[in-house]
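Right, one structure below, let's go through it.
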Amino acid sequence: MNGLKPAIEFMKKAQEEEIIYSVIVEAELFSSAKLTDEDINDLRNILELGEIIEVNSSIALQAGELRRQSKELYNRSLKLPDALIAATSIEHSAILATRNEDDFIHLLDYGLALFNPFSS
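Numbering (the working numbering), first residue to last: 11 to 130.
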């Protein structure tokens with residue numbers, strides 16, 4: 011799977027920490043048409059290392075606010091899934107691990123912490 015190996019290695023190393031995932035991330039991970047049976051097994055095993063966080067009203071409201079502020083203050087369109095993922099991280103004071111830093115960098119002022127496990 012494209013880029014899955016570095017993510018798997020990151021998750022294995024992160025086992026000592028509390029790991030949470032937005033249910034949106036879970037959906038995104040399993041949506042690739044290129045997934046093999048082995049990839050699906052690896053993903054399931056990785057997700058078992060952490061806790062899946064459902065979207066609740068507080069996260070939904072914060073995601074809406076992030077989308078609105080992104081457009082008003084930064085003239086950037088923030089996709090709803092990205093807003094929900096960011097809001098989940100902010101709500102739980104969690105570091106958002108992503109290779110797509112550019113999609114989230116303008117949200118640092120809202121308390122979002124980013125880490126790119128793919129950068130050296």
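Note that beta-carbon positions come from the ideal geometry of N, C-alpha and C, so glycine has one too. A quick note: this is a predicted structure, and the numbers were derived from the prediction, not measured.
Here DSSP, grouped into helix, strand and coil, assigns residue 32 to strand. Comparing alpha-carbon positions, the option among 123, 125, 34 lying closest to residue 62 turns out to be 34. Taking the Cα of residue 68 as reference, the smallest distance to any Cα among 101, 78, 36 is reached at 101.
Proximity to residue 108 across 120, 92, 119, 121 peaks at 92, based on C-alpha coordinates. Non-local C-beta neighbours of residue 117 in its own chain, meaning closer than 7 Å and more than five positions away in sequence, comprise 76, 96, ordered along the chain. With respect to the 9 Å criterion, residue 88 and residue 99 are not classified as neighbours on the basis of their beta carbons.
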